[in-house]
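Trainee: Take 1322 as the starting number for the sequence shown in our numbering and just add one per residue.
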Amino acid sequence: MSSIKEEISKRRTFGIISHPDAGKTTLTEKLLLFGGAIKTAGAVKSNKITRHATSDWMEIEKQRGISVATSVMGFNYRDLRINLLDTPGHEDFAEDTYRTLTAVDSVILVIDSVKGVEKQTRKLMEVCRMRDTPVIVFINKLDREGQDPYDLLDEIETELDIQVKPLTWPIGMGKTFKGVYNLYKKNLLLFKGSQRKLSNDAISLTDLSDERLDAEVGETAANQLREDVDLVNGVYPEFEESDYLAGKLAPVFFGSAVNNFGVRELLDCFVEVAPKPKDRSTEIRVIEPSEDKFSGFVFKIHANMDPKHRNRIAFVRVCSGCFNRGSNYHHVRLDKSFRFSNATAFMAQEKETIDEAFPGDIVGLYDTGNLKIGDTLTEGEKGMFKGIPSFSPEMFKEVINLDAMKTKKLEKGLSQLMDEGVAQLFTYELGARKVVGTVGALQFEVIAHRLLQEYGASVRFAPLNLYKACWISSNDPKKLNAFIDSKQRYIARDKEGKLVFMAESKAWLQMVEDNFPDINFHEKSEF
Ligand code: G4P
């Protein structure tokens, strides 16, 4: 058996993020093809919650089963074991994506060359920035008439607040797209339209004045490339791996995922530079992956695959040591010991029972309701992992109980659905009104349906005029109490009992912030 250190150095755990439709699913599929984890194109498509399903959430429910299998896709490439964590493309599930990002060590960001930086791209990058997650950018769909590459790079730098360094450079685009020049490896990759082959042979071209360039792409395109490369080398900084690892500099690749073009270049760079599992902080101390003792945290829960049995799968990211099936582990929040004898690993689309897992790996634990998002498992040490915050929801509705006889069931159902992270629950201090907050409208339908189907509780959601839920704190307890007294009607508690100020509008929140300078207003639950 190899040592833990060796296992760690082989692991690369990452996620692909993008605005819906930029090409995340397509790129995922091509990466899995390279890794030999799937054999045919089209295998990953079924995982996608399509934009057509925006109003058809029953369809989404059907797809839930499928998406469990593809939530984590493990594959081998060169000597590495790569874990790709899927993030839901549908923007109503953005909260799920934010949490998945807490379990990765780096990300690949896909940008559509026609559309540039989009709304979801911005939000997802904000989450990456919070943890300084290293980012590689893939600018996709070069076979289409997209935006000028310089403009795209400028947009990424200004809108996403990260320095970029192109490592490949496109030659033409759309109808005139001829390929890319790899500035890093100094070779030329020619685009020959739709490709069935997995990879294209690159032509080594260390000197761009070489006449072979003119012969391959034509004189005009060759001259343009020479000019571009001079400019790019002058304008953009050298690629420093340490800046990338610090989340300050993003290497950029151009390509076309659907045509399998530029994907290998991306993957080859990824395996060279992407970070192996890193240290993680708990409330008590920093835990290093190579420590002997196992620790991990739950970042996702998938529930009720079979409505008859309340079983769920909790996804645990291993942070240190070796996870052994059948061992007892300490559940820090409940201060209790549990044994998980049916842990599952994820390999492409198959689940398999595993005996051990290493830092960077994700294990699926069957659970009957003891685990929730953010929970920490250890070999006895107390202290929860930090860095798995909730974000202020964007939509709020009040829960109206339609069947007073089922109040207990409703409370249980709401509590369990919130553990899964479907939405967030806030309870007003005055009157105990319950408010559900979500990122998208779809969740309200899903919650009402599931409460009825799985718990027999009937609810209606009443619209509420709320702008944000802000977690509040202060260094001065007296001032905090005075604030709570003066704003009683707007004070609620989240599910953990933390104090929250329910702001009705942006302008009003601003005013309250100005009037109470000693109170801190946070847009996330960890501060
Ligand atoms: P997503 O997961 O980020 O939402 O995007 P997805 O991969 O599903 O891609 C969205 C659409 O963009 C798909 O077309 C896909 O085929 C297309 N696409 C992906 N990469 C490229 C590319 O390099 N060039 C071009 N021209 N298109 C690309 P669709 O019509 O929605 O689906 P399909 O019928 O092709 O499956």
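Glycine included, each C-beta is placed from N, C-alpha and C at the ideal position.
In this text the structure is predicted, and so the values were computed from the model without any measurement.
According to the Cβ coordinates, are R1814 and L1751 closer than 8 Å?
Mentor: no
Trainee: Below 8 Å on the Cβ atoms is my contact criterion, and I expect R1443 with E1480 to pass it. Report the Cβ-Cβ distance as a whole number of Å.
Mentor: 6 Å
Trainee: Rounded to whole angstroms, what is the Cα-Cα separation between A1762 and R1660?
Mentor: Going from the Cα of A1762 to the Cα of R1660 covers about 38 Å.
Trainee: I'd like to confirm the pairing. Which residues does DSSP put opposite R1654 in its beta bridges?
Mentor: Paired residue(s): none; R1654 is not in a bridge.
Trainee: On the three-state DSSP scale, how would you describe L1534?
Mentor: helix
Trainee: Expressed to the nearest angstrom, what Euclidean distance is found between the alpha-carbon atoms of R1606 and F1615?
Mentor: 15 Å
Trainee: Can you name, in chain order, every residue of its own chain whose Cβ lies under 7 Å from the Cβ of A1769, other than the five neighbours on each side?
Mentor: V1780 and F1782
Trainee: Helix or strand or just coil, what does DSSP make of G1467?
Mentor: coil
Trainee: Would you say V1760 reaches chain B, if we count a Cβ-Cβ gap shorter than 8 Å as a contact?
Mentor: Considering every chain present, this structure includes no chain B. It has just one protein chain.
Trainee: Taking 7 Å as the cut-off, is the CB of A1824 close to at least one heavy atom of ligand 1?
Mentor: The answer is no for A1824.
Trainee: Are the beta-carbon atoms belonging to I1709 and R1420 less than 8 Å from one another?
Mentor: A contact, by the Cβ cut-off of 8 Å.
Trainee: Could you have a look at K1783 and say whether DSSP puts it in helix, strand or coil?
Mentor: Sequence check: residue 1783 is Ala here, not Lys. Of the three classes helix, strand and coil, the one that applies to A1783 here is strand, per DSSP.
Trainee: For E1834 and P1409, what's the separation of their Cα atoms in angstroms?
Mentor: 34 Å
Trainee: Would you call the CB atoms of S1563 and E1609 closer than 8 Å?
Mentor: Not closer than 8 Å, so no.
Trainee: What does DSSP give as the partner residue(s) for Q1745 in the beta ladder?
Mentor: According to DSSP, Q1745 bridges with G1758.
Trainee: Among the candidates M1446, T1697, F1747 and A1415, whose CA atom is the shortest distance from the CA of L1655?
Mentor: T1697
Trainee: Check whether the Cβ atoms of V1592 and K1486 lie closer than 8 Å to each other.
Mentor: Taking 8 Å as the Cβ cut-off, V1592 and K1486 do not qualify as a contacting pair.
Trainee: At a threshold of 7 Å, does A1336 count as lining ligand 1 (C-beta to nearest heavy atom)?
Mentor: With the sequence shown as reference, residue 1336 is identified as Gly, and Ala is not the correct amino acid for it. False, no ligand heavy atom lies under 7 Å from that Cβ.
Trainee: Should A1578 be listed as close to ligand 1, given that the test is whether its C-beta is under 7 Å from any heavy atom?
Mentor: yes
Trainee: How far does the beta strand (DSSP E) with T1697 in it reach, from first residue to last?
Mentor: T1697 to T1699
Trainee: Cβ of T1346 versus every heavy atom of ligand 1: is any distance shorter than 7 Å?
Mentor: yes
Trainee: Compute the Euclidean distance between the alpha carbons of S1658 and K1331, then round it to the nearest angstrom.
Mentor: So the two alpha carbons sit approximately 30 Å from each other.
Trainee: If Y1650 sits next to T1699, beta carbons under 8 Å apart, how far is it from one beta carbon to the other, in whole angstroms?
Mentor: Yes, Y1650 and T1699 are in contact; Cβ-Cβ is about 7 Å, under 8 Å.
Trainee: Using only the heavy atoms of ligand 1, determine whether one of them is closer than 7 Å to the beta carbon of K1462.
Mentor: yes
Trainee: Given this structure, state the Cα-to-Cα distance separating K1326 from F1679, to the nearest angstrom.
Mentor: Whole-angstrom Cα-Cα distance: 9 Å.
Trainee: Have a look at N1663, R1333 and F1848 and flag the residue whose alpha-carbon is nearest the alpha-carbon of C1590.
Mentor: R1333
Trainee: Y1419 lies in the alpha helix (DSSP H); which residues open and close that run?
Mentor: Y1419 -> alpha helix (DSSP H) spans A1415 to L1422.
Trainee: From the DSSP secondary-structure annotation, give me the bridge partner or partners of L1843.
Mentor: The question names Leu, but residue 1843 is His in the sequence shown. Answer is W1792, bridged to H1843.
Trainee: Given this structure, state the Cα-to-Cα distance separating A1542 from L1445, to the nearest angstrom.
Mentor: Rounded to whole angstroms, A1542 to L1445 spans 35 Å at the Cα level.
Trainee: Please tell me whether, using a cut-off of 7 Å, the distance from the CB of L1339 to the nearest non-hydrogen atom of ligand 1 is below it.
Mentor: In the sequence under discussion, the amino acid at residue 1339 is Ser, which differs from the Leu named in the question. Yes, since a heavy atom of ligand 1 falls inside the 7 Å radius drawn around the Cβ of S1339.
Trainee: Going along the chain, which residues of its own chain have a beta-carbon closer than 6 Å to the beta-carbon of R1646, five neighbours each way excluded?
Mentor: A1664 and D1676
Trainee: Regarding R1465 and ligand 1, is the C-beta to nearest heavy atom distance less than 7 Å?
Mentor: yes
Trainee: Does the beta carbon of A1778 fall short of 7 Å from some heavy atom of ligand 1?
Mentor: no
Trainee: What does DSSP give as the partner residues of K1718 in its beta bridges?
Mentor: V1757 and P1784
Trainee: Just grab the DSSP bridge partners of E1677 for me.
Mentor: N1645
Trainee: Using 8 Å for Cβ pairs, my map puts E1844 next to Y1788. What's the rounded Cβ distance?
Mentor: Actually they do not touch by this definition, with Cβ atoms about 11 Å apart.
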